[in-house]
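Colleague:
Residue numbers (our numbering): 3 to 552.
Shown next as structure tokens:
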């Protein structure tokens with residue numbers, strides 16, 4: 003790293019300037035050796051003192067090799083201690099891109115005005131300690147991809163053959179297609195905010211609005227099996243996305259006296275993430291793309307980021323006792339990429355779950371509102387503090403509930419909620435379908451026959467259907483995971499100063515604390531709304547201690 007710093011102050015003006023450069027190198031090495039006829043005290047480990055003929059291969063190579071170089075400059079100007087202007091520029095280069103795509107400029111601009119220092123605000127000086135208007139604009143870059151995404155890689159393993167091993171030698175195959183044209187992903191950020199302080203900063207905080215537009219998203223596009231590569235995706239700059247919302251934060255002292263103090267804090271953030279555009283051919287067809295490696299989530303222009311994409315649950319058929327879903331209008335989907343219902347309810351067979359998937363447009367694992375609040379209070383020598391966190395608008399898929407409420411082939415322990423809640427002829431409005439081993443029910447869906455009621459292809463038939471759905475997802479197990487959690491709580495007692503001094507101590511405090519002791523879920527009855535499914539929930543932690551200062 004290299005930095006140059008310049009400061010100057012004249013009259014009511016001050017200027018700070020910084021220029022510099024920095025370089026980062028990430029590098030790793032690996033060594034591979036394989037041999038046969040290993041000997042030694044531990045047969046699994048063998049010995050490195052083998053005759054040359056027993057060593058099949060021995061080589062070493064560099065991996066995780068990555069280089070970043072940056073040049074930057076920054077100017078901060080203040081006039082009369084109330085007008086603030088900032089300007090910066092970065093030039094970043096990454097070895098993860100090729101040619102002219104390696105380098106990109108990233109500017110930023112910020113400005114602030116301390117309104118409370120103006121003469122016309124003097125009548126409010128005792129009440130309004132601080133009022134500052136601020137705003138900023140900036141562009142940042144993202145190169146968080148693999149080190150060789152631009153290169154096509156090959157494998158020449160001895161097993162790369164089609165045919166008899168003794169007749170055909172190993173060949174070279176393509177393992178991954180590279181894309182030499184990928185460029186930096188960029189984020190263009192704007193925000194405007196108002197900072198405030200009241201009654202000599204007894205209450206302070208800010209309110210701000212932000213928007214972030216991400217362009218040239220670096221995503222993996224799935225490739226058809228006909229490409230013949232072992233890696234079924236290629237990295238591309240696909241589309242644009244926007245995040246926007248409000249931020250509010252306030253802290254304050256409600257009461258302050260010799261015997262009693264009470265402080266509080268509260269913060270809230272709203273967030274909406276929308277896909278603005280994908281690749282032209284994807285937007286033209288309206289089909290979207292898979293989100294990351296999660297095939298039950300997709301990205302489509304105009305929708306929230308990573309919305310759930312799965313069959314739409316229609317409950318248990320009261321006459322047949324099987325799970326059902328809503329039918330997808332296939333013709334409309336092929337023409338527009340939009341998912342809408344035909345109005346018919348069909349059995350949730352494995353085939354139907356795979357071929358009747360819907361975009362759940364406003365359901366994503368990303369919360370739309372989150373934040374926290376808390377307080378700190380003291381009464382004489384006793385103190386109490388607590389902090390809470392909350393989320394709203396987030397959805398989770400509970401695969402654990404799916405596996406423990408469906409008999410299938412008996413691979414999972416079933417939950418007690420099934421008792422009295424499964425379909426029978428005498429209990430047609432049950433939550434869960436009839437208990438059936440191996441997903442076998444006497445009702446199926448024939449796509450070739452025409453339904454005489456609707457004149458559409460597909461109708462119920464009485465024959466054995468395949469309901470083994472352990473690898474399929476549908477909205478029966480998609481839940482809203484709003485929650486309020488008591489994150490931390492602590493109770494303490496401090497010795498009176500006179501008593502502490504008599505014991506040759508400056509101070510002594512005894513406390514007990516707890517973490518994640520309580521939560522309230524809204525709309526989710528699974529293991530934990532913050533994690534869901536089989537993931538380990540936040541641990542409950544109990545602690546006690548003594549702080550002594552001599």
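Even for Gly, the Cβ is constructed at its ideal location relative to N, Cα and C.
Pull up the distance between the alpha-carbon of residue 372 and that of residue 133, whole angstroms please.
Modeller: Here residue 372 refers to the residue found at position 370 when the chain shown is read from its first residue. Here residue 133 refers to the residue found at position 131 when the chain shown is read from its first residue. Rounded to whole angstroms, residue 372 to residue 133 spans 26 Å at the Cα level.
Colleague: How many angstroms separate the CA atom of residue 539 from the CA atom of residue 374?
Modeller: For the purposes of this step, residue 539 is taken as residue 537 along the chain shown, with counting starting at 1. For the purposes of this step, residue 374 is taken as residue 372 along the chain shown, with counting starting at 1. Note on geometry: alpha-carbon atoms of residue 539 and residue 374 lie some 19 Å from one another.
Colleague: What is the DSSP secondary structure of residue 282, counted as helix, strand or coil?
Modeller: Translated into the one-based positions of the chain shown, residue 282 becomes position 280. Correct three-state label for residue 282: helix.
Colleague: For residue 55, is the classification buried or exposed, using 16 other Cβ atoms within 10 angstroms of its Cβ as the cut-off for buried?
Modeller: As a first step, residue 55 is located in the chain shown; it is residue number 53 there, counting from the start. The pLDDT assigned to residue 55 is 49, lower than 50, so where the model puts this residue is not dependable, and the model offers no usable value.
Colleague: Find the nearest neighbour of residue 270 within the set 325, 391, 299, judged by alpha-carbon distance.
Modeller: As a first step, residue 270 must be located in the chain shown, where it is residue number 268. Residue 270 has its Cα closest to that of 391, out of 325, 391, 299.
Colleague: Within 10 Å of its beta-carbon, does residue 359 have 16 or more other beta-carbons around it, so buried, or fewer, so exposed?
Modeller: By one-based count along the chain shown, residue 359 stands at place 357. Flag for residue 359 reads buried.
Colleague: Any contact between the region 136-148 and the region 87-104? By contact I mean 3 or more CB pairs, one from each, below 8 Å.
Modeller: The region 136-148 vs the region 87-104: in contact.
Colleague: Tell me which residues share the same chain as residue 370 and place their Cβ nearer than 7 Å to its Cβ, disregarding the 5 neighbours each side in the sequence.
Modeller: Working through the chain shown from its first residue, we reach residue 370 at position 368. Correct list, in chain order: 272, 273, 274, 394, 395.
Colleague: When the Cα atoms are used, what is the spatial distance from residue 47 to residue 60?
Modeller: Here residue 47 refers to the residue found at position 45 when the chain shown is read from its first residue. Here residue 60 refers to the residue found at position 58 when the chain shown is read from its first residue. Legend: pLDDT at residue 47 = 48, less than 50; position of this residue unreliable, value from coordinates given subsequently. Each residue's alpha carbon lies about 16 Å from the other.
Colleague: Just reading off the beta strand (DSSP E) that residue 1 is part of, what are its end residues?
Modeller: Because the chain spans 3 through 552 in this model, residue 1 falls outside it and cannot be assessed.
Colleague: Could you give the C-beta distance for residue 92 and residue 72, rounded to a whole number, given that I count them as a contact under 8 Å?
Modeller: Here the question's residue 92 lines up with position 90 in the chain shown. Here the question's residue 72 lines up with position 70 in the chain shown. With a Cβ gap of about 6 Å, residue 92 and residue 72 count as contacting.
Colleague: Would you kindly check if the distance between the Cβ of residue 190 and the Cβ of residue 214 is under 9 Å?
Modeller: For the purposes of this step, residue 214 is taken as residue 212 along the chain shown, with counting starting at 1. For the purposes of this step, residue 190 is taken as residue 188 along the chain shown, with counting starting at 1. In this structure, residue 190 lies closer than 9 Å to residue 214 by Cβ.
Colleague: Could you check where the alpha helix (DSSP H) with residue 334 kicks off and where it finishes?
Modeller: Here residue 334 corresponds to residue number 332 of the chain shown, with the count starting at 1. Element bounds for residue 334: 332-338.
Colleague: Apart from the five residues just before and just after residue 547, which ones in its own chain have a Cβ nearer than 7 Å to its Cβ?
Modeller: Your numbering for residue 547 matches position 545 in the chain shown. For residue 547, where only same-chain residues beyond five positions count, the Cβ hits under 7 Å are 513.
Colleague: Starting from residue 352 and walking both ways along the alpha helix (DSSP H), at which residues does that stretch end?
Modeller: By 1-based counting over the chain shown, the position of residue 352 is 350. Unbroken alpha helix (DSSP H) run through residue 352: 352-357.
Colleague: So residue 328 and residue 309 are supposed to be a Cβ contact under 8 Å. How far apart are they, rounded?
Modeller: Taking the first residue of the chain shown as 1, we reach residue 328 at position 326. Taking the first residue of the chain shown as 1, we reach residue 309 at position 307. Actually they are not in contact, since the Cβ atoms of residue 328 and residue 309 sit about 17 Å apart, beyond 8 Å.
Colleague: Any idea if residue 151 is buried or exposed, counting beta-carbon neighbours within 10 angstroms, 16 or more meaning buried?
Modeller: Counting from one through the chain shown, the residue named residue 151 turns up at place 149. Under this definition residue 151 is a buried residue.
Colleague: Taking its Cβ as the centre, do 16 or more other Cβ atoms sit within 10 Å of residue 536, making it buried, or is it exposed?
Modeller: Within the chain shown, residue 536 is the residue found at index 534, counting from 1. Note on residue 536: under 16 other CB atoms within 10 angstroms of its CB, so exposed under the neighbour-count rule.
Colleague: To the nearest angstrom, report how far apart residue 83 and residue 481 are at their CA atoms.
Modeller: Here the question's residue 83 lines up with position 81 in the chain shown. Here the question's residue 481 lines up with position 479 in the chain shown. If I take the Cα positions, the gap works out to 52 Å.
Colleague: Taking residue 1 and residue 509 to be in contact with their CB atoms under 8 Å, please state how far apart those CB atoms are, rounded to whole angstroms.
Modeller: Since the first and last residues shown for the chain are 3 and 552, residue 1 lies out of range.
Colleague: For residue 22, which residues does DSSP report across the bridge?
Modeller: Start at 1 with the first residue of the chain shown, and residue 22 comes out as number 20. Residue 22 is bridged to 5, 74.
Colleague: Quick check on the DSSP output: what are the complete beta strand (DSSP E) runs of length 3 or more inside the region 384-456, in order along the chain?
Modeller: Counting whole runs of 3 or more residues, the region 384-456 contains the beta strand (DSSP E) stretches 384-394, 397-399, 446-453.
Colleague: I'd like the list of long-range same chain contacts for residue 195, defined as Cβ closer than 6 Å, with 5 residues on each side in sequence excluded.
Modeller: Counting from 1 along the chain shown, the entry for residue 195 is found at position 193. The answer, listed in chain order, is 136, 208, 210.
Colleague: Is DSSP giving residue 227 helix, strand or coil here?
Modeller: Sequence index remark: in the chain shown, residue 227 carries index 225 (1-based). Reduced to three states, the DSSP call for residue 227 is helix.
Colleague: Enumerate in chain order the residues of its own chain whose CB-to-CB distance from residue 24 is below 6 Å, with the five nearest sequence positions on each side excluded.
Modeller: Position 22 of the chain shown, counted from the first residue, corresponds to residue 24. 3, 72, listed in sequence order.
Colleague: Any chance you could list the beta strand (DSSP E) runs of at least 3 consecutive residues sitting entirely within the region 505-551, in chain order?
Modeller: 509-524, 543-551
Colleague: Going straight from the alpha carbon of residue 295 to that of residue 416, what length do you get?
Modeller: Counted from its first residue, the chain shown places residue 295 at position 293. Counted from its first residue, the chain shown places residue 416 at position 414. Going from the Cα of residue 295 to the Cα of residue 416 covers about 28 Å.
Colleague: Using C-beta distances below 7 Å, list every residue in its chain close to residue 185, excluding the 5 sequence neighbours before and after it, in chain order.
Modeller: Taking the chain shown and counting its residues from 1, the one referred to as residue 185 is at position 183. 99, 103, 218, 239.
Colleague: What is the residue span of the beta strand (DSSP E) that residue 234 lies within?
Modeller: For the purposes of this step, residue 234 is taken as the residue at position 232 of the chain shown. First-last for residue 234: undefined, no H or E at that position.
Colleague: Taking residue 432 and residue 425 to be in contact with their CB atoms under 8 Å, please state how far apart those CB atoms are, rounded to whole angstroms.
Modeller: As a position in the chain shown, residue 432 is number 430, starting the count at 1. As a position in the chain shown, residue 425 is number 423, starting the count at 1. Right, their Cβ atoms sit about 4 Å apart.
Colleague: Is residue 250 helix, strand or coil by DSSP?
Modeller: Counted from its first residue, the chain shown places residue 250 at position 248. It is a strand residue.
Colleague: Just to confirm, are residue 290 and residue 361 a CB contact at a threshold of 9 Å?
Modeller: The sequence position of residue 290 within the chain shown is 288, counting from 1. The sequence position of residue 361 within the chain shown is 359, counting from 1. Cβ atoms of residue 290 and residue 361: closer than 9 Å.
Colleague: Name the residue from 220, 246, 409, 244 whose alpha carbon lies nearest to the alpha carbon of residue 236.
Modeller: Within the chain shown, the letter at position 234 stands for residue 236. Per the Cα distances, 220.
Colleague: May I ask you to report which of helix, strand or coil DSSP gives residue 181?
Modeller: What you label residue 181 is simply residue 179 of the chain shown in a count that begins at 1. Coil.
Colleague: With contact counted as at least three CB pairs below 8 Å, one residue from each stretch, are the region 486-502 and the region 518-533 in contact?
Modeller: Judged by Cβ distances under 8 Å, the region 486-502 makes contact with the region 518-533, as three or more pairs qualify.
Colleague: Could you give the residue range of the beta strand (DSSP E) that holds residue 312?
Modeller: Looking up residue 312 in the chain shown gives position 310. 309-313 is the span of the beta strand (DSSP E), which, as asked, contains residue 312.
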